[in-house]
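Protein chains in written order, with this note's numbering: chain V, 1 to 120; chain F, 1001 to 1120.
Number of protein chains: 2
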Amino acid sequence: MYDVGMVDAEAVLDAVGEPNRRRLLQLLRDQHESTVSQLVDASGLNQPQVSKHLKVLTRVSLVSVRSDGRFRRYRLDGRGLQAAHDWFGSFEDVWQARFDALDQLVSDDPLTDPPEENQQ
Amino acid sequence: MYDVGMVDAEAVLDAVGEPNRRRLLQLLRDQHESTVSQLVDASGLNQPQVSKHLKVLTRVSLVSVRSDGRFRRYRLDGRGLQAAHDWFGSFEDVWQARFDALDQLVSDDPLTDPPEENQQ
DNA sequence: CAGTTGCATTCCTCTTGAGGAATATGTACG
DNA sequence: CGTACATATTCCTCAAGAGGAATGCAACTG
Chain V
1 MYDVGMVDAE
11 AVLDAVGEPN
21 RRRLLQLLRD
31 QHESTVSQLV
41 DASGLNQPQV
51 SKHLKVLTRV
61 SLVSVRSDGR
71 FRRYRLDGRG
81 LQAAHDWFGS
91 FEDVWQARFD
101 ALDQLVSDDP
111 LTDPPEENQQ
Chain F
1001 MYDVGMVDAE
1011 AVLDAVGEPN
1021 RRRLLQLLRD
1031 QHESTVSQLV
1041 DASGLNQPQV
1051 SKHLKVLTRV
1061 SLVSVRSDGR
1071 FRRYRLDGRG
1081 LQAAHDWFGS
1091 FEDVWQARFD
1101 ALDQLVSDDP
1111 LTDPPEENQQ
């Protein structure tokens, strides 16, 4: 059995925290499947950089590869993308609250513990 | 009106690409509003590190501050969070296709036989 | 077979940025 | 005012990692 197990959202967000890797993801979103050479041409990066970035993206389940002769065809992997999307989704009430509760005051949470602000 | 526009998703993803900053965001999600000292205690980081990370998070609209006496109360800012969420949302088709495949497995339609799970 | 293409990997350099200590700023309070 | 507390900022060091050049390696082609 291979490891289909849980995708580490932390690792995914670390990987996405790099501009050129985000660019590769966007290119793959448009092309749906690309060889390394195609990504080199489309991105303007050098071939080794593209390969190294793709390696990182593969490790965190953001892209997947399949070998096709001497080519390697890369495509997006939904597991990593969804993990990151879900991570931000856990904050969803934050930006929903700012639409319908513009002027709500502190009176709405009397149970929130008073922080220790008075130590002398 | 609200200044909802002009949040740079690229800058947001750069900022989130750091583990301790993600931890601060999660702490703020649970506490809804925190002083720096509270975040220092909860995170285990040193005070200067917390202040510096909060500065980065503020710059990209992931958190907001309000001054309260000698305290500074930080809370999540929905603009940055939503921008990042939307960035990943633009890839939604990728894992949508993945769900469609999974739906066949859990389908109650007696005509659809669950296929063997194949990957890669 | 030699040569070529597509890609991965290694080695090296150099920048970026995270972390620590010390200090600055700013506010409350006696 | 002087002091204590809360936070921001500065200076420094150091390691992680991104980029470039060169090389390794496997698969095709003539």
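Beta carbons: idealized from backbone N, C-alpha and C, even for Gly.
Name the two residues that bound the continuous alpha helix (DSSP H) containing Ser1037 of chain F.
-> Val1036 to Ser1043
Just the chain V side, please: which residues come within less than 7 Å of Ala1084 of chain F by C-beta, in chain order?
-> Phe88
Taking Cβ to Cβ, would you say Trp1187 of chain F is nearer than 7 Å to Gln82 of chain V?
-> For residue 1187 of chain F there is no data in the structure shown, the boundaries of chain F being 1001 and 1120.
Does Pro1114 of chain F get closer than 7 Å to chain V when you measure Cβ to Cβ?
-> Annotation note: pLDDT 46 at Pro1114 of chain F (below 50); position unreliable, coordinate value reported separately. It does not: the Cβ of Pro1114 of chain F has no partner Cβ on chain V nearer than 7 Å.
Those residues which DSSP pairs with Asp8 of chain V across a bridge = Bridge partners of Asp8 of chain V: none, in fact.
Using three-state DSSP, classify Ser1051 of chain F as helix, strand or coil.
-> helix
Segment limits, beta strand (DSSP E) that includes Asp1068 of chain F | Val1063 to Asp1068
Cβ of Leu1024 of chain F within 7 Å of any chain V Cβ | no
Using a Cβ-Cβ cut-off of 7 Å, state whether Asp14 of chain V counts as contacting chain F.
-> yes
Comparing the C-beta of Val1094 of chain F with each C-beta of chain V, is any distance below 7 Å?
-> yes
Taking Leu76 of chain V as the query, report the chain F residues whose CB atoms sit under 7 Å from its CB, ordered along the chain.
-> Phe1091 and Val1094
Taking C-beta pairs closer than 7 Å, name the residues in chain F that Leu81 of chain V reaches, listed in chain order.
-> Phe1088, Phe1091, Val1094 and Trp1095
Backbone CA spacing between Leu24 of chain V and Leu54 of chain V [nearest angstrom] = 8 Å
For Arg1070 of chain F and chain V, any beta-carbon pair shorter than 7 Å?
-> no
Contacts of Arg1029 of chain F in chain V (Cβ-Cβ under 8 Å) | Ser90, Phe91 and Val94
Are three or more beta carbon pairs between the stretch 40–58 of chain V and the stretch 1055–1073 of chain F nearer than 8 Å?
-> no
Checking contacts by CB at 7 Å: is Gln1104 of chain F closer than that to chain V?
-> no
Backbone CA spacing between Gln38 of chain V and Glu10 of chain V [nearest angstrom] = 29 Å
Would you report the Cα separation of Asp1093 of chain F and Leu76 of chain V, rounded to the nearest angstrom?
-> 10 Å
For Phe1091 of chain F, which three-state DSSP category applies?
-> coil
Alpha carbon to alpha carbon, how far is Gln1049 of chain F from Ala1015 of chain F? Give it in angstroms, no decimals.
-> 14 Å
Can you tell me where the alpha helix (DSSP H) with Asn20 of chain V in it begins and where it stops?
-> Pro19 to Gln31
Determine, using beta carbons only, whether Gly1017 of chain F comes closer than 7 Å to chain V.
-> yes
Using the DSSP secondary-structure output, state which residues sit across from Arg1072 of chain F in a beta bridge.
-> F:Ser1067
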